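Asker: Please see the structure below; I have some questions.
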Amino acid sequence: MRKPLTASAMLAPSLLLILLVLIMPLGLLMRYSFNAFVPGKFMVEAFTSANYIQVFTDPYYRRILVTTILMAGGVTVSCLVIGFPIAQFLARSTSRFKSLMILAIVMPLFVGNAVRAAGWMVAVGEKGLINAGLQWLGITHAPLEILYTTPAVFIGIVSINLSFVILTLQSVLEGLNPSIEEASLSLGGTPFDTWRLVTLPLALPGIAAAAILCMILAMNAYATPVLLGGPSFRMMAPAVADQILAQNNWPVGAALSFVLIVTTVALTVIMYACLRGKQAESPEEAKNT
Numbered sequence: 001m002r003k004p005l006t007a008s009a010m011l012a013p014s015l016l017l018i019l020l021v022l023i024m025p026l027g028l029l030m031r032y033s034f035n036a037f038v039p040g041k042f043m044v045e046a047f048t049s050a051n052y053i054q055v056f057t058d059p060y061y062r063r064i065l066v067t068t069i070l071m072a073g074g075v076t077v078s079c080l081v082i083g084f085p086i087a088q089f090l091a092r093s094t095s096r097f098k099s100l101m102i103l104a105i106v107m108p109l110f111v112g113n114a115v116r117a118a119g120w121m122v123a124v125g126e127k128g129l130i131n132a133g134l135q136w137l138g139i140t141h142a143p144l145e146i147l148y149t150t151p152a153v154f155i156g157i158v159s160i161n162l163s164f165v166i167l168t169l170q171s172v173l174e175g176l177n178p179s180i181e182e183a184s185l186s187l188g189g190t191p192f193d194t195w196r197l198v199t200l201p202l203a204l205p206g207i208a209a210a211a212i213l214c215m216i217l218a219m220n221a222y223a224t225p226v227l228l229g230g231p232s233f234r235m236m237a238p239a240v241a242d243q244i245l246a247q248n249n250w251p252v253g254a255a256l257s258f259v260l261i262v263t264t265v266a267l268t269v270i271m272y273a274c275l276r277g278k279q280a281e282s283p284e285e286a287k288n289t
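Residue numbers for the sequence shown follow the UniProt record's numbering, beginning at 1 and rising by one.
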């Protein structure tokens, strides 16, 4: 009689695949980040920290890193603020059109980021839908310069990440027992207090998952900053591509990649710790209230 496979044996193929397609390429890229770049020689074998020193001391790269962090933070907050009410509405909805509403949220995910960014280029252009609408309403008398600006990039990334946030939050909110909220209301709690002290704390795991997913996607956005931001707007992912593909400077490009990875992981851990701390405080806050 054959013995059943252990958990380690069943996980072995997946771990091997991760090792081959993720860990090994990242290790190779890390090794490249310590090499030296010599114009005309592509890359010289070395072990130097000059590339990382350049990334952290050059004002150009520091500005790009700060811009990326601020953009990702703003996009994450905006997606949560916009997405939570929509997700809660969908989770509590009994309408026969609920499936159609969910389909409308899912449909943009079938289109690539570059295609959606190109669509926003048309929408926010001088003769685009947004400028045409503003002029038709009499709010503006001349086209606004929206394309190739920071707001254009912000709008584009929010529109891409919002579907992920809504779907993540909806799945968590649908799992909450409605009788808990009903009990709070029957005991004299106002709808706002019930939302603040009952619904929100119970939804914090979903909020954490949605925020982390949104932060990771925003930190690594490539097509949207390139197409909607233009040549004067820079974020980390386009900067990495520029160094590797345009400048052939693999060492600096690899160093930028690892700075981006470490920064993303650090922000994710900080965000998760803050939300977990808030979740631990919520029962005590509700008790005091």
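All C-beta atoms in this analysis are idealised placements derived from N, C-alpha and C, irrespective of residue type, glycine included. Nothing here was measured: the structure is a model prediction, and the numbers come from that model.
#1: Does the stretch 184-198 come within contact of the stretch 141-148, defined as at least 3 CB pairs closer than 8 Å?
#2: Tell me whether the stretch 200-209 and the stretch 172-180 touch, counting them as touching only if at least three CB pairs, one residue from each stretch, are closer than 8 Å.
#3: Among 265, 254, 268, whose alpha-carbon lies nearest the alpha-carbon of residue 26?
#4: Please go through the stretch 44-112 and give each complete alpha helix (DSSP H) segment of 4 or more residues, from N-terminal end onward.
#5: So if DSSP puts residue 36 in a beta bridge, which residue, or which two residues, is it bridged to?
#6: Return the CA-CA distance between residue 180 and residue 169, expressed in angstroms with no decimal places.
#7: Between which two residues does the alpha helix (DSSP H) carrying residue 21 extend?
#8: Between which two residues does the alpha helix (DSSP H) containing residue 145 stretch?
#9: If you count every other CB in all the chains shown that lies within 10 Å of the CB of residue 252, and 16 or more means buried, which is it?
#10: What's the gap between the Cα of residue 23 and the Cα of residue 262?
#11: With H, G and I counted as helix, E and B as strand and the rest as coil, what does DSSP make of residue 215?
#12: Tell me where the alpha helix (DSSP H) around residue 154 begins and ends.
#13: Check the C-beta distance from residue 159 over to residue 116 and give it rounded, since I have them as a contact under 8 Å.
#14: Specify, as a first and last residue, the run of the alpha helix (DSSP H) that residue 229 falls within.
#15: Within 10 Å of its beta-carbon, does residue 112 have 16 or more other beta-carbons around it, so buried, or fewer, so exposed?
#16: Do you know offhand how far residue 224's Cα is from residue 257's?
#17: Take residue 250 and list the residues in its own chain whose beta-carbon comes closer than 8 Å to its own, dropping the five residues that flank it on each side.
#18: Return the CA-CA distance between residue 217 and residue 72, expressed in angstroms with no decimal places.
#19: Based on Cα-Cα distance, which residue from 77, 269, 30 lies nearest to residue 155?
#20: Taking 8 Å as the cut-off, does the stretch 60-68 touch the stretch 81-98 (at least 3 CB pairs, one atom from each stretch)?
#21: According to DSSP, simplified to helix, strand and coil, what is residue 139?
#22: Under a Cβ-count criterion, where at least 16 other Cβ atoms within 10 Å of its own Cβ denotes burial, should residue 87 be classed as buried or exposed?
#23: Here's a check: name, in chain order, each residue in its chain whose Cβ is nearer than 8 Å to the Cβ of residue 239, leaving out the five neighbours to either side.
#24: Considering Cα atoms alone, identify which of 12, 14, 45 is closest to residue 28.
#25: Is residue 182 helix, strand or coil by DSSP?
#26: Keeping to the same chain, check which residues put their C-beta closer than 7 Å to that of residue 48; ignore five residues upstream and five downstream.
#27: Ordered along the chain, which non-local residues of its own chain (more than five positions away) have a Cβ less than 8 Å from that of residue 122?
#28: I need the straight-line Cα distance from residue 109 to residue 6, nearest angstrom please.
#29: Looking at C-alpha atoms only, which residue of 89, 275, 69, 104 is the closest neighbour of residue 210?
#30: Please report the residue range of the alpha helix (DSSP H) in which residue 192 lies.
Answerer: With the given structure in hand:
#1: no
#2: They touch, by the three-pair rule.
#3: 254
#4: 50-57, 59-92, 98-106
#5: 44
#6: 18 Å
#7: Looking at the DSSP string, residue 21 is not in any alpha helix (DSSP H), and its letter there is neither H nor E.
#8: For residue 145, no alpha helix (DSSP H) segment is defined, and its DSSP state is neither H nor E.
#9: buried
#10: Cα to Cα, residue 23 sits roughly 15 Å from residue 262.
#11: helix
#12: Segment 150-174, the alpha helix (DSSP H) holding residue 154.
#13: 7 Å
#14: 223-229
#15: exposed
#16: 18 Å
#17: 32, 35, 37, 42, 43, 243, 244
#18: 8 Å
#19: 77
#20: no
#21: Coil at residue 139, not helix or strand.
#22: buried
#23: 61, 64, 256
#24: With distances taken between CA atoms, residue 28 lies nearest to 45 out of 12, 14, 45.
#25: Residue state, collapsed to three classes: helix.
#26: 34, 36
#27: 128, 129
#28: 37 Å
#29: Selection 89, 275, 69, 104 evaluated against residue 210 yields 275 as nearest (Cα-Cα).
#30: 191-194
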